[in-house]
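Residue numbers (our numbering), protein chains in the order written: chain A, 2 to 161; chain B, 2 to 161.
C-beta: ideal position from N, C-alpha, C; glycine also.
2 protein chains.
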Amino acid sequence: MYRLTNSFPYLLNRVGVQMGELFSRRIAGYGVTLPMYRVMAALWETGDQRLGDLAAMTTIEISTLSRLVGEMKRRGLVTRARLKDNGRTVAINLTPKGRTLVEELIPIAIRFEEVAVRDFPSKNISDLKTILAEIYESLKALEPEIEEANKARKAAKSKG
Amino acid sequence: MYRLTNSFPYLLNRVGVQMGELFSRRIAGYGVTLPMYRVMAALWETGDQRLGDLAAMTTIEISTLSRLVGEMKRRGLVTRARLKDNGRTVAINLTPKGRTLVEELIPIAIRFEEVAVRDFPSKNISDLKTILAEIYESLKALEPEIEEANKARKAAKSKG
DNA sequence: GAACAATAGTTGCATTCGCAAATATCGGTC
DNA sequence: GACCGATATTTGCGAATGCAACTATTGTTC
């Protein structure tokens with residue numbers, strides 16, 4: 002018998018939401034939100050990104066990210082500038098202020114992760130990370146059948 | 002060197018967001034959103050729930066859930082009624098219509114999960130689920146240090 | 001049994017979000 | 001080099017979200 006509470010997406014989402022909520026509260030005093038942290042940490046790892054790449058890296062929808070980056074620029078955390086040689090793309094980077102801040106926050110993130118996984122041997126955790134990364138790739142296989150199912154439904158609708 | 006993209010919350014969130022987005026698109030034709038599905042699947046597993054319990058089970062914030070349940074009631078998917086013996090709590094249940102619908106959707110959820118995990122031996126997946134469930138519990142350990150850090154910060158602020 | 005605290009849920013309000021449309025630039029074609 | 005499709009980002013707008021304040025009911029204390 003199927004149980005939601007034993008399903009993979011449920012267990013995953015629950016941990017994700019909860020970690021996000023706790024981390025948000027932890028960093029609120031620094032004046033940044035969780036999405037802002039994600040953007041800064043992504044830029045800290047890989048600087049000079051285009052908006053679309055940053056969206057893919059952070060899994061933040063692109064229009065949401067556009068506004069978020071605007072706000073972060075206003076606060077002096079990042080820079081955003083059109084490229085000279087290609088005016089339709091922008092390059093986003095950390096400012097020194099943004100860099101200093103994210104380097105304060107990363108140890109907190111490390112601490113959180115450490116508490117989350119400390120009951121398990123590190124081998125299990127690194128396996129788990131590998132699995133998560135591969136599952137992410139596997140999900141691409143679902144795309145076509147989503148299209149197909151929706152197409153079928155639409156066709157049935159217009160006929161009936 | 003720390004990398005966001007190798008951190009546990011990042012890998013987790015990415016899979017969670019992506020699965021949610023794909024599943025949303027898959028079920029959109031049935032006229033329900035992902036949060037609605039979560040509520041229905043939770044009620045299918047454990048019926049007759051109070052709002053607060055349902056919020057805990059689904060990790061949906063309680064005021065959001067209150068409105069969501071209202072909308073679902075309006076659509077005839079669930080019932081919501083104050084208890085006779087305790088007027089401050091409500092009991093939420095699936096209607097026959099809601100039950101029929103969720104029983105159509107659950108096989109789709111099963112299918113998605115199957116695709117997600119099919120590259121791994123089921124032992125690994127069940128281990129992974131166990132770990133996710135235990136990590137969720139471990140996170141409670143972070144609560145006190147969040148309070149403490151924020152208290153410390155507030156004290157420093159009022160002094161300086 | 002009146003007063004007050006605690007529990008459960010709902011609603012006001014400002015913010016965030018995401019889709020779709022609009023804008024801006026680039027690359028190719030004639 | 002004007003036109004058209006493709007690519008990259010931004011913006012308009014309605015819906016969803018979450019905190020805090022509010023309402024309603026129950027439990028407790030004197």
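Take Trp45(A), set aside five residues on each side of it, and the residues of its chain with a beta-carbon closer than 6 Å to its own are Val103, in chain order.
Short of 6 Å from the beta carbon of Asn14(B), and not among the five residues preceding or following it, lies no beta carbon of its own chain. DSSP places Leu95(B) in the strand class (E or B) of the three-state scheme. What Ile93(B) touches in chain A, judged by beta-carbon distance under 9 Å, is nothing: the nearest beta carbon there is about 15 Å away. Under the Cβ criterion of 9 Å, Gly21(A) is counted among the residues facing chain B. Residue-level contact check: Arg83(A) does not touch chain B, since none of the beta carbons of chain B fall below 9 Å from its beta carbon. Per DSSP, the unbroken beta strand (DSSP E) holding Thr80(A) starts and ends at 79-83.
In the DSSP assignment, Gly71(B) falls within the alpha helix (DSSP H) that extends over 63-75.
Arg39(B) is not a Cβ neighbour of Ala92(B), given a cutoff of 9 Å. Counted as a single uninterrupted DSSP element, the alpha helix (DSSP H) harbouring Leu55(A) occupies residues 52-59.
Annotation: the continuous alpha helix (DSSP H) that includes Arg39(A) extends over 35-46.
Gly48(B) places its beta carbon 9 Å or farther from that of Met73(B).
Taken atom to atom, the span from the alpha-carbon of Met41(B) to that of Arg4(A) is near 12 Å.
A Cβ-Cβ distance of about 6 Å is found for the pair Leu140(B) and Leu23(A), placing them in contact under the 8 Å criterion. Residues of the segment 103-125 of chain A with a Cβ closer than 9 Å to any Cβ of chain B, in chain order: Ile107, Pro108, Ile109, Ala110, Ile111, Arg112, Phe113, Glu114, Val116, Ala117, Val118, Arg119, Asp120, Phe121, Asn125.
Within the model, the alpha-carbon separation for Met20(A) versus Pro10(B) is close to 7 Å. Not one beta carbon of chain B lies nearer than 9 Å to the beta carbon of Gly77(A). Bounds of the alpha helix (DSSP H) holding Ser139(A) are 123-139.
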